[in-house]
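Numbering (the working numbering), first residue to last: 10 to 676.
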C-alpha cells in the first residue's frame, strides 16, 4: 500500500507547483514510510509515498515505461500480476522490474483503459499518458483503496486522502451539508460525495479520464445480482454441496494469491467469527511456517469475543498476539482516528481497530488478511434476515404471528415488557407497504440514523431543506435492480453504501494505513464476488440461516463452536467511552457551548441534554440512538477542528494518546 497525489494543469492554470506536490507527499507519509518520489513536467506533477511489499528493490515510484511516455503512481496490489506479466511478455512486452506497478503500465499499452477489467486486486492509481496529454484515474471495484480529487483555479488536484488536497491553502475546506446528511443517514458519504464541498471521490468500479480539460467518468464494473430463483435451483442437497465446493475453490485461490504475492511476511486477523476463521484455516493449509495471527479484545466483556478467538488459535496452532482496549483507549485514540478517517462517524468501532493495526506494525508486520466482505456477499447480516421476515410479514400486514419471527433474530423482543415489545413491533412494522422498493431492507436503519439530524443547528437544517439523501441515492441505483430478488437488492445497497463508504474506509484502509499496514480481503476477490453475486439467494440465506453456503464450505476447516456460534456483529463501546468522570481535555473543549457554537453545526442545548442523559446512565449501555448521536457530534466537531479550521492533529491529540500506547502491547 502507498499514498499517491498529484496536480494536473487543465489548460487554464499555471504549471504544477513542485512545493505543493512535496507538501502533499509529506501529508501522506503514514501511508508509505519506506520511500517517496515525484515526477514533474509542464502539465502534471505526480507524488508517491511507498510501503514496500512487492519487489522491494525495483518497485520505486513514480514509475515509467521504456520510452518515458507513460508515468504512474499506484496505491494497492494487482494480485494476478504474475499471470498478466506472462501474458504481456508473450505479446512482446519487456519488463524492467518484478513489480505489479509495471504490469499496469504494460497493460495500459496493450489494452488501454480496459486493462482494469483484467486486474484482480485493490487499487487506486493515476496514469499520465504524456503524448496524449491524458490522465487516467482508476479505483478498484468496491473501493478498497481511496482516491479523492478537487478542481481549483484551473487545476485538478488528486490524492489518497483529502488532507493532501488541503495542502493547497486556497482550496475551500467547508463542509458539504449534503455529505453530512449522508453520514447521518447511511453512516458514510456515498461516492462521489465526501464531507467537503470542494472534494469529490472517484466512485468504486470507475475510471475518471481527464483529457482536453474535461473529466469523464466511465463505469467498468458494478455488482450484478440475479433475479428470482426457481425452487429446483436450490432445494437439491447435491446442488448445494456442489456450490459449496465451488465457493471453497474460489476462496482457496483468492487466499493463496493474497498470502503468497508478497515479499514481506503476512499475518491474519482472527476476530472469533466464521469469516476470519475460514481465512486463517485456508492460510494454514498452504502456509508451511509459523502463522502469525492478531486479535482484538475488550475490557468490557459485552463486546468481547476472546473465547472464540482462543478456540481458533488452538485449532490452528498460531503464534498469536492480542491487544485489549477499554473506554480510555478509545477516547484517547479518537482524535487520531478521526484525523485518519477524515469524516464524521456514528460509531466508535474504528478506534479499537486502530490499536489492532498498531500491534501488527509493532510486531514487524506490514500485511494482514481479514474476513471483510463475507457478510455483504454471502448474506451474513441480521439486516438481511430482518428484511426477509418483514417481506414475509408485508404479505399479511395484519398478522400477529408473522412478526413473532423477529424474536428468533432478536430474542430480547420476547423478553421485553409488553409495552416495549409493542413499540418494537411498531418500529419493525413501519413501511411494510414499501416492500417492493429496492431499499426496503435499509429503511429502519436509515430512519434511525436520520433522526439524529434533529440536533443539527437551525442553519444547517435550513441548508438541507431541499435535499433528501435517500431520494438522491435511489435515483442513482441501476434500473436493473428492480428485477433482482429481494436479498440481491439489499446486498447491492449494502455494498455501495456501508461496505464501500464505511467498512472499507473508516474501519478498513484508514485504520490500517494510519499505522502503515496493508489489509487484504480474500472475500473481495473479483472471482469470489462475481460467484457470490450469481448465487441463488436461498444458498446464502436459507430460511433464516445466514451464510449457509459458507458454513457448508467450511465444515472441515473450523471447529463446530465457531460454525454454530450465534451471530455477534463487531461493536465497540460508543457513548460510554466519552462520558467518564474525567473527560479528556479535547472533549470538554469541543463539546462546550462555545465549541459547538463556533462550528455552527449542532444545537448546543440539545447536545448538552444528550450528554447529561448519557452521563447519568453510564452504567448501562446507552440506546442505539444516543450512542450514534454522541459519536456523531464529537467526530463531526473533530473533523471541523482538525480539517475545516485547519488545526491539524497535534492540537488535540498529544496528551490524549498516552492511553493508546499503554494498551498496544500484546499480553
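Even glycine gets a Cβ: it sits at the ideal position worked out from N, Cα and C.
Quiz prompt | Euclidean distance between Cα positions of residue 126 and residue 230 | solution = Here the question's residue 126 lines up with position 117 in the chain shown. Here the question's residue 230 lines up with position 221 in the chain shown. Residue 126 and residue 230: Cα-Cα distance of roughly 8 Å.
Exercise. Return the chain-ordered list of same chain residues with a C-beta closer than 7 Å to the C-beta of residue 224, the five sequence neighbours on each side being excluded.
Key: Counted from its first residue, the chain shown places residue 224 at position 215. Within the same chain, residue 224 has close Cβ partners 217.
Exercise. Tell me residue 72's beta-bridge partners as DSSP assigns them.
Key: What you label residue 72 is simply residue 63 of the chain shown in a count that begins at 1. DSSP output for residue 72 lists 81 as bridge partner(s).
Quiz item: Fully enclosed by the region 596-646, which alpha helix (DSSP H) runs are 4 residues long or longer?
Solution: 602-608, 613-625
Exercise. Determine the direct distance from the alpha carbon of residue 630 to that of residue 589, and round the result to whole angstroms.
Key: Start at 1 with the first residue of the chain shown, and residue 589 comes out as number 580. Start at 1 with the first residue of the chain shown, and residue 630 comes out as number 621. Going by the C-alpha atoms only, they are around 13 Å apart.
Quiz prompt | Ranges of the alpha helix (DSSP H) found wholly within the region 154-184, counting only runs of at least 4 | solution = If we require 4 residues or more, the alpha helix (DSSP H) runs fully inside the region 154-184 come out as 171-174.
Quiz item: Expressed to the nearest angstrom, what Euclidean distance is found between the alpha-carbon atoms of residue 658 and residue 520?
Solution: The residue you call residue 658 lines up with position 649 of the chain shown. The residue you call residue 520 lines up with position 511 of the chain shown. Rounded to whole angstroms, residue 658 to residue 520 spans 15 Å at the Cα level.
Exercise. Measure the C-alpha to C-alpha separation of residue 92 and residue 35 and round it to an integer number of angstroms.
Key: Mapped onto the chain shown, residue 92 falls at position 83. Mapped onto the chain shown, residue 35 falls at position 26. Rounded to the nearest angstrom, the two C-alpha atoms are 34 Å apart.
Quiz item: Hey, how far is the Cα of residue 407 from the Cα of residue 442?
Solution: Along the chain shown, read from residue 1 onward, the residue named residue 407 stands at position 398. Along the chain shown, read from residue 1 onward, the residue named residue 442 stands at position 433. When rounded, the distance between both Cα atoms is 12 Å.
Quiz prompt | Residue environment, residue 674, which counts as buried when at least 16 other CB atoms sit within 10 Å | solution = The count along the chain shown starts at 1 and reaches residue 674 at position 665. Low confidence applies here, because residue 674 scores a pLDDT of 28, under 50, leaving its location unreliable; read the following figure in that light. Classification of residue 674: exposed, given that the 10 Å Cβ count is below 16.
Exercise. May I ask which residues mark the beginning and end of the beta strand (DSSP E) holding residue 13?
Key: One-based indexing of the chain shown puts residue 13 at position 4. It spans 11-18 - the beta strand (DSSP E) in which residue 13 sits, taken as one unbroken run.
Practice problem: Figure out for me which residue from 447, 294, 307, 296 has the closest Cα to the Cα of residue 280. | Solution: In the chain shown, residue 280 corresponds to position 271, counting from 1. Closest option to residue 280, Cα to Cα, is 307.
Quiz item: With distances taken between CB atoms, is the gap from residue 86 to residue 270 smaller than 8 Å?
Solution: By one-based count along the chain shown, residue 86 stands at place 77. By one-based count along the chain shown, residue 270 stands at place 261. In this structure, the beta-carbon distance from residue 86 to residue 270 falls below 8 Å.
Quiz item: Could you give the uninterrupted runs of the alpha helix (DSSP H) lying entirely in the region 351-406, keeping only those of 4 residues or more?
Solution: 359-371, 383-387, 391-403
Self-check item: Cβ separation of residue 285 and residue 380, assumed to be a contact under 8 Å, to the nearest whole Å
Solution: Reading the chain shown from its first residue, position 276 is the one you call residue 285. Reading the chain shown from its first residue, position 371 is the one you call residue 380. So it is a contact: roughly 4 Å between Cβ atoms.
Self-check item: alpha helix (DSSP H) runs wholly inside the region 422-461, at least 4 long, in chain order
Solution: 427-438, 452-459
Quiz item: Do residue 645 and the ligand MG come close, with the Cβ less than 7 Å from some heavy atom?
Solution: This structure lacks the ligand MG; in fact it carries no ligand of any kind.
Self-check item: alpha helix (DSSP H) runs wholly inside the region 561-596, at least 4 long, in chain order
Solution: 569-572
Exercise. Check whether the region 580-587 touches the region 351-361, taking contact to mean three or more Cβ pairs, one atom from each stretch, closer than 8 Å.
Key: yes
Quiz prompt | Own chain, CB closer than 6 Å to residue 149, minus 5 neighbours either side, in chain order | solution = One-based indexing of the chain shown puts residue 149 at position 140. Contacts found: 131, 132.
Quiz item: For the beta strand (DSSP E) that contains residue 250, what are its first and last residues?
Solution: Translated into positions along the chain shown, residue 250 becomes position 241. Unbroken run through residue 250 is the alpha helix (DSSP H), 246-269; no beta strand (DSSP E).
Self-check item: Of the residues 618, 12, 576, the one placed nearest residue 312, counting alpha carbons only
Solution: On the chain shown, position 303 is the one that residue 312 refers to. The shortest C-alpha separation from residue 312 is found at 576.
Exercise. Report the rounded CA-to-CA distance for residue 615 versus residue 399, giving the unit in angstroms.
Key: Walking along the chain shown from the start, residue 615 turns up at place 606. Walking along the chain shown from the start, residue 399 turns up at place 390. The C-alpha of residue 615 lies about 34 Å from the C-alpha of residue 399.
Self-check item: Simplified DSSP state of residue 201, which is helix, strand or coil
Solution: In the chain shown, the residue the question calls residue 201 occupies position 192. It is coil, neither helix nor strand.
Practice problem: Would you check if there are 3 or more beta carbon pairs closer than 8 Å linking the region 519-539 to the region 368-387? | Solution: Result yes; three or more Cβ-Cβ pairs closer than 8 Å.
Quiz item: Are residue 81 and residue 113 close, meaning C-beta to C-beta below 8 Å?
Solution: As a first step, residue 81 must be located in the chain shown, where it is residue number 72. As a first step, residue 113 must be located in the chain shown, where it is residue number 104. Closer than 8 Å, so yes.
Quiz item: For residue 209 versus residue 183, is the C-beta spacing smaller than 8 Å?
Solution: Stepping through the chain shown from its first residue, residue 209 is reached at position 200. Stepping through the chain shown from its first residue, residue 183 is reached at position 174. Against a cut-off of 8 Å, the Cβ pair of residue 183 and residue 209 comes out as no contact.
Quiz item: Rounded C-beta distance between residue 422 and residue 416? I'm assuming under 8 Å.
Solution: Indexing the chain shown from 1 puts residue 422 at position 413. Indexing the chain shown from 1 puts residue 416 at position 407. The Cβ separation is near 5 Å, so the contact holds.
Self-check item: Expected contact under 8 Å - CB spacing of residue 198 and residue 510 to nearest Å
Solution: Along the chain shown, one-based indexing puts residue 198 at 189. Along the chain shown, one-based indexing puts residue 510 at 501. The C-beta separation of residue 198 from residue 510 comes to about 6 Å, placing the pair in contact by the 8 Å criterion.
Exercise. Using 10 angstroms around the beta-carbon of residue 491, count the other beta-carbons present and answer buried if the total reaches 16, otherwise exposed.
Key: Taking the chain shown and counting its residues from 1, one reaches residue 491 at position 482. It is exposed - the Cβ of residue 491 has fewer than 16 other Cβ atoms within 10 Å.
Practice problem: Determine, using beta-carbon pairs with one atom in the region 103-118 and one in the region 286-298, whether at least three such pairs fall under 8 Å. | Solution: no
Quiz item: Should residue 485 be labelled buried (16 or more other beta-carbon atoms within 10 Å of its own) or exposed?
Solution: Against the chain shown, residue 485 aligns to sequence position 476. Classification of residue 485: exposed, given that the 10 Å Cβ count is below 16.
Quiz item: So what does residue 124 bridge to, in DSSP terms?
Solution: Looking up residue 124 in the chain shown gives position 115. For residue 124, which the question treats as bridged, DSSP gives no partner whatsoever.
Quiz item: Can you tell me whether DSSP reads residue 651 as helix, strand or coil?
Solution: Taking the chain shown and counting its residues from 1, the one referred to as residue 651 is at position 642. It is helical.
Practice problem: Return the chain-ordered ranges of every beta strand (DSSP E) run that is complete within the region 300-331 and spans a minimum of 3 residues. | Solution: The qualifying runs are 301-307.
Quiz item: For residue 641, does the count of other Cβ atoms within 10 angstroms reach 16, so buried, or fall short, so exposed?
Solution: Your numbering for residue 641 matches position 632 in the chain shown. Result: buried.
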